[in-house]
Each structure stands twice: as C-alpha cells, then as structure tokens.
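Read in order, the letters of the sequence shown correspond to residues 1 to 340 in this note's numbering.
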Amino acid sequence: MTSETPAVTTPPVRKQRVMSGMRVTGRLHIGHYWGALSNWVQLQEEYECFFGAMDWHGMTTAYKSPKEIAPWTREMIAEFIAWGVDPERSTIFVQSHVPEHLELFMILANLTPMGWLERVNTWKDAIEEMKASDTYNLGRFAYPVLQAADILMYRAQKVPVGADQVAHLEISREIVRRFNHLYKAKLPEMNPLLTEIPLVPGLDGRKMSKSYNNSLFLTEDSEKDLKKKVNMMVTDPARVRREDVGEPTKCSVYGYHKLYSSQEDKEWVEAGCRSAGIGCGDCKGRLAQNIEKMSAGPREKKKELLNSAGQLDSIIAAGSDKARQEAQKTLGIIRSSMKW
Ligand code: TRP
Ligand code: SF4
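Here you go:
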C-alpha cells in the first residue's frame, strides 16, 4: 500500500436529480407512505434528492386555519426522517422557507396561458367540491404552476409520479419548454419517473381521506388504535358467517396484507380464507400485528424528534438553507436568460 492516490481517469458521474414534495394537509396516513415515502427512501440510493414539505400548496385549501400549517409541517418532516429519508444524503426542506419558490412561480405564471390550466381535468371534476369548501380560488387554480416552479427550482430531471399524475407533470414540461423557447434557455425538462403506487383504500373501502374519517395514521395510531381500526375494515361480503368461504382478492384486508405481511402470512390468508379455515378476526389480528411490527420503530423515532425540538428544527433549517442555495443559483440562471 502506498499513500499515493491513483490517477483518476474518469470523472465521477453526476447523479441525476430527483425532486418531490408532499402537500401539507394534516397528519400523515399510510397512503402517504405507500404512495410516496417508501419510494423516496429507495430513490436516495440512486439519485441526488430534494424532498419538500409543501406548505404553500397546503395553504391553497387550509388558508382559513393557517396556524395549523406550521405544526403539521414539522410533523411531516419528522415522519420523513422517521421512515428513512436521510437528511445527510437528501435535501429535506420546507417550501415556504425557500421564498424563491414564489418568485419563480410568478415568473412562470406569466408565461402560462390560462387555457393550459383550464384544461387540467382534475380541476374540472373538482369545481363543485371547491365551491362548497370555499377553495374555488386563484391560488388553487394555479397549483400546477407552483408545482412546476418547485421542480424547476432544483433543475430536477426526474419526478416520481403515479400514472394518474403524468398528465399533471405535462404542464410543468410545457412551461419549461415555453421558457426555453422564449428566452433561448436550456433548462432541463422534468421527466416522470413512473412508480407503481399500490391502491390503499380507507377502512370503509372508500378513498382514504381526512374528510371521510377512515384513515390509518402512519405513526399517530397506537398499537391499540391499529387493532381497533383494522377490526373495523370491510371484508369480503360473502363471508357472513364464520363457516362461509371468502375470496381474499375481493377483500381490502388482504390488500393490506400484501403491503405489510410476509409471503408465509399471505399464503396463510389465501388458503385460510378460501377454505374458511381462518376467521376474519384471525386474519385481521395478524394484519394488525404486522402493521405494528413495521410502525413501532418509526413511531419511536418520530416521538424522539418531536420531543427534542432543537434537533428537528436544526435539521429543517439546514435542509432549507441547502435548498435555498440551489434555488438562488437557479434564479440566477433564470434571470440572466431573461436578461432581467
Ligand atoms: N402535488 C403534490 C401532492 O399532492 C405535492 C407537490 C408539490 C409536488 N410540489 C411538487 C410533488 C413537486 C412533486 C413535485 O402531494
Ligand atoms: Fe378478508 Fe381475511 Fe376475512 Fe378473507 S379472511 S374475507 S381476506 S378479512
């Protein structure tokens, strides 16, 4: 062994960038984990990642109770870390702590034709709900432009999305193309990193949502709460009595087993359900145990973070500072392309 360093022949390949965020809407439920977080944790292995708690996006609907946003945001970041997003490797930030997002938003808003936003189909479907909840507002209408700014802010090449979000991302791509065209710039177009997102229904079989009161929370449900909630889950309606056979693929309890249980347990459910060898109570009991097994560690970790306020706040401050440096760099590029 010599202390000489060998000649470097190839420069290290720069990792591609991933950007993603989660809208701050309240306590995280298991859909947030299976729909995003679990994937983010994996992406850290391969990409340089920027993950944000998007509180401005939260404000588009929660603007009447802004005081709830800050505690929700802190809790969200604590969840990210508790489940394995690593602040040493990834940049974890709070959207509103990087005010450049709004500056870039306004730049992009000007070059986004109204027609592009009017075309968003999720918008058309939601108009009645928006009017009823007093959120038929300009901020919510402009949601996709802010999202485009979020991604462009870090010049990310990849955005993890489910198939249903690809159309949404297309607006971001169109906005960047328009920017590049107008100002002869070469900002990167973001590409969807298509991820398979499992369907995680609520306890009653409907979409899991705060307003339906049918959620399993990620860490806020205790072992006892988990048992109680899993017991409330709807099962295959064919199993009226204990001796009726059922079909696991028609049962959301089995859907959860697919996420949380070992191969062995899944086979136990399949065989036991189809032969009426097990009862739904047994099946649910095992599921609650398996969810608890996976959640106990993160639950403790999150509690620890929230209890040592200094630690969490300094992680948030450091991450947001790091994000901000990158954001200022991007804005520099943007302004000079615009000669403004
Ligand atoms: N729309 C995302 C959600 O509903 C949040 C979000 C905001 C986002 N900005 C983003 C996701 C940029 C990916 C990239 O949670
Ligand atoms: Fe559902 Fe399990 Fe009951 Fe089968 S045994 S119907 S999978 S809860």
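Just so you know, even glycine gets a beta-carbon here, dropped at the ideal spot from N, CA and C.
Answer yes or no: do residue i and residue j have a C-beta to C-beta separation smaller than 9 Å?
| i | j | result |
| --- | --- | --- |
| Gly35 | Gln95 | no |
| Cys273 | Pro248 | yes |
| Arg324 | His32 | no |
| Met153 | Thr25 | no |
| Ile354 | Ile316 | Lying outside 1 to 340, the shown extent of the chain, residue 354 is not represented and no answer is given. |
| Ser295 | Leu226 | yes |
| Arg17 | Leu312 | no |
| Met232 | His29 | no |
| Ser215 | Leu203 | yes |
| Val166 | Leu138 | no |
| Arg27 | Phe179 | no |
| His57 | Gly84 | no |
So for residue i, helix, strand or coil by DSSP?
| i | result |
| --- | --- |
| Gly205 | coil |
| Thr112 | coil |
| Glu220 | coil |
| Pro237 | coil |
| Ser320 | helix |
| Val85 | coil |
| Ala309 | helix |
| Ser133 | coil |
| Ser96 | helix |
| Leu28 | coil |
| Glu48 | strand |
| Leu152 | helix |
| Lys15 | coil |
| Ser275 | coil |
| Arg74 | helix |
For my contact list, residue i and residue j are in at a C-beta cut-off of 8 Å; report their separation, rounded to the angstrom.
| i | j | result |
| --- | --- | --- |
| Lys302 | Glu100 | That pair is no contact at about 29 Å. |
| His181 | Pro144 | No, His181 and Pro144 are not in contact; Cβ-Cβ is about 19 Å, not under 8 Å. |
| Gly319 | Thr91 | 5 Å |
| Val253 | Leu287 | 6 Å |
| Val161 | Met19 | 11 Å between Cβ atoms; not a contact. |
| Ile334 | Leu102 | Going by Cβ atoms, the distance from Ile334 to Leu102 rounds to 13 Å, so no, they are not a contact pair. |
| Arg177 | Glu196 | No, Arg177 and Glu196 are not in contact; Cβ-Cβ is about 28 Å, not under 8 Å. |
Using the beta-carbon count (16 or more within 10 Å), is residue i buried or exposed?
| i | result |
| --- | --- |
| Ile69 | buried |
| Gln147 | buried |
| Ile151 | buried |
| Ala13 | Going by the sequence as given, residue 13 is Val instead of Ala. So Val13 ends up on the exposed side. |
| Ile354 | With the chain running from 1 to 340 in the structure shown, residue 354 is simply not present. |
| Glu309 | The question names Glu, yet the displayed sequence has Ala at residue 309. Ala309 comes out exposed. |
| Trp340 | exposed |
| Gly277 | exposed |
| Lys229 | buried |
| Thr2 | Only weak support exists for where Thr2 lies, its pLDDT of 47 falling under 50; the coordinates are left without a value. |
| Gly281 | exposed |
| Met114 | exposed |
| Pro71 | exposed |
| Arg239 | buried |
| Met338 | exposed |
| Ala156 | buried |
| Leu111 | exposed |
| Gly246 | buried |
| Ala149 | buried |
Touching by the beta-carbon criterion (3+ pairs, under 8 Å), the segment 291-308 and the segment 219-233 = The count of Cβ pairs closer than 8 Å, one atom from the segment 291-308 and one from the segment 219-233, reaches three, so the stretches are in contact.
Does the segment 111-120 come close enough to the segment 130-145 that 3 or more CB-CB pairs lie under 8 Å?
-> Per the Cβ contact rule, the segment 130-145 is in contact with the segment 111-120 (3 or more Cβ pairs under 8 Å).
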